[in-house]
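Quick notes on the structure that follows.
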Amino acid sequence: MFDKILIANRGEIAMRIHRACRQMGIATVAVHSTADAAAMHVRLADESVCIGPPPAQESYLNIPAIISAAEITNADAIHPGYGFLAENAAFAEIVEEHGFAFIGPMPEHIRLMGDKIAAKTAMRDLGVPIIPGSGGTVDDPEQAAHFAREVGYPIALKAVSGGGGKGMKVVANESEMAAAMANARAESKAAFGDDSLYVEKYLAHPRHIEIQIIADMYGAVVHLGERDCSIQRRHQKLIEEAPSPALNADVRAALGKTVVKAIKKLGYRGVGTVEFLYEDGGFYFLEMNTRLQVEHPVTEMVTGIDMVREQIRIAAGAPLGHAQRDIRVAGHSIECRITAENPETFTPSPGRITNYHVPGGLGVRVDSALYAGCMVPPLYDSLIAKVIVHGGSRNECLMRLRRALGEYVVDGIETTIPLHLRIVSETDYVNGVYDVTWLEELLGLSK
Ligand code: MV4
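Residue numbers 145 to 591, in the working numbering, belong to the letters of the sequence shown in order.
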């Protein structure tokens, strides 16, 4: 096992990784920008190294500075968290070339899943259902229209380098094709420096459902059920839950089995999330994330499995600690992502926390690096806390969530707590009747 791990991240996820390490008797090294010198993730760590000025490009994304920090502190391994360098295959290679263990998948799998067409083709070949479409890129409107006639309108035009929501255009009929393609190409070129596009059948009201898997380096793979992440606005998730209100145990087991079989054949190692769109009883592969996710706590709460501990064990060469038959989804869990934003306009609201009170009680977990007097700097992601509840039933979660959100005091900045309180009392949300368009419709944002 590792003696010392460098945590190449900040905020709540650096805290989360530190906690797993401390519990396993592993020393931690925090890295931080000058803006985060007083941050809680730095205060808790056994050692810390300043790696640069506030802009992430010069600190949390500064690969030479992070490698140097690992060298001078004599760390054994580097955990990238999520965001920043977590899905950078070149970083994973550099970490290993310098003699440190990368706590994450092999670079080849990070690279494969970063290419949206290659990922889709690979998953299809491994027996995972995909959305019908062109398969490869489309060169001109005539070729795009050919595939569109094949799968039926409406279709989605997607950027090969897209992912995460950017660069998608919906085309309702053939007369719109040429203009939509020109538009999508220009946007994709500007956003990703690549204007290649592909065609897919468009699903109008899907749910976003993702399967969590864990694989060790000896070919053992298990799934930990699904998360429903359909409550989102502009491709930012706000609330996630496990299990999905839309699935039953048989559907879960069947999808889990398909995914485990594919991941096994792929020879994947580490934790991973296989994302699907779910509509009218059908699942369609969207993409695979090769990192620990923001929403991993809801899976931890219903399975009792510490996912960061598993990541560390797997990277150190330990076999999986759980067989599929031992994994049970017990009760229900819901997570609210609290951001430092105005709850109506979503304008960022950085600043100093003047007064702070964290909710607690049975079945309530708060993952955050906030403390009274801390600064929320303006340069990073606006996520400041995750309020996670666990209960015997979904209804028990909702009651605990309303109580916990009502108790949470974060003074000095604006937060999205009031919006979360509103959502968890909406009739459709309470009934579990929602899809990826639901929140934007509630907020009057849909086109
Ligand atoms: C789709 C879709 C409907 N049909 N593809 C948006 C993010 C990107 N990774 C995939 N996305 C979508 N792809 C087809 N063929 C609807 C979405 C989509 C969406 C997907 C997941 C979560 C939230 C979403 C919100 C709007 C649209």
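Idealized CB from N, CA, C, for every residue including glycine.
Just so you know, the alpha carbons of G536 and T443 end up roughly 14 Å apart. At the C-beta level, L523 and A179 come within 8 Å of one another. Setting aside the 5 residues that flank it on each side, T560 is surrounded in the same chain by I482, T483, E485, P487, each with a C-beta closer than 7 Å to its C-beta; the list follows chain order.
Looking at the backbone, the Cα of I528 and that of C518 are separated by about 11 Å.
Excluding residues up to 5 positions away in sequence, Y297 lie with their Cβ nearer than 7 Å to the Cβ of N317 in the same chain. With respect to A171, A460 sits apart: the two C-beta atoms are not nearer than 8 Å. In the displayed model, I149 falls within a strand according to three-state DSSP.
For H367, the secondary structure class from DSSP, reduced to helix, strand or coil, is strand. Its chain contains F291, V295, Y342, V343, E344, K345 as the residues whose beta carbon lies nearer than 7 Å to that of G277, once the 5 sequence neighbours on both sides are disregarded; these appear in chain order. Under the DSSP assignment, G280 falls outside any alpha helix (DSSP H); it carries neither an H nor an E label. Sequence-distant partners of Y578 (beyond 5 residues in either direction) whose C-beta falls short of 6 Å from its own C-beta, in its chain, are S374, D572. Distance between V418 and M451, taken at the CA atoms: about 16 Å.
Under the three-state reduction of DSSP, F490 is assigned to coil, being neither helix nor strand. One Cα belongs to G400, the other to M168, and the distance between them is close to 29 Å. Rounded to the nearest angstrom, the gap between the Cα atoms of R293 and L347 is 15 Å. In the three-state reduction of the DSSP assignment, E385 falls in the strand class, which pools E and B. For M432, the CB contacts under 8 Å within the same chain, skipping 5 residues up- and downstream, are M257, A263, M267, G416, T417, V418, E419 in chain order. Distances from the CB of K345 to the heavy atoms of the ligand MV4 include at least one below 7 Å. In the DSSP assignment, D555 falls within the beta strand (DSSP E) that extends over 553-555. Looking at the DSSP output, N317 bridges to nothing.
In the displayed model, S192 falls within a strand according to three-state DSSP. When DSSP reads this structure, C541 sits in no beta bridge, so it has no partner. At a threshold of 7 Å, P350 counts as near the ligand MV4, since its beta carbon sits closer than that to one of the ligand's heavy atoms. Counting along the chain, D360 sits inside no beta strand (DSSP E), nor does DSSP assign it H or E at all. At a Cβ-Cβ threshold of 8 Å, T434 and H253 count as neighbours.
The beta carbon of S305 sits closer than 7 Å to those of S332, F336, D338, all from its chain and outside the five residues before and after it, given in chain order. S477 is bridged by DSSP to A386, H534. Cβ atoms of M145 and A513 stay farther apart than 8 Å, at about 26 Å.
Each of A236, P494, I149, D190 was checked against the Cα of P208, and the nearest Cα belongs to A236. For V580, the CB falls within less than 7 Å of some heavy atom of the ligand MV4. Note that the stretch 208-225 does not touch the stretch 375-383; fewer than 3 beta-carbon pairs, one per stretch, sit closer than 8 Å.
Closer than 7 Å to some heavy atom of the ligand MV4: that describes the Cβ of M312.
Residue range 233-241 is occupied by the alpha helix (DSSP H) that includes F235. Going by DSSP, L421 is part of the beta strand (DSSP E) stretching over 414-423. Listed in chain order, the non-local C-beta contacts of H162 below 8 Å within the same chain comprise I151, T172, A174, H185, L188, A189, local neighbours out to five positions each way being set aside. For K381, the closest of Y362, A397, H352 by C-alpha to C-alpha distance is H352.
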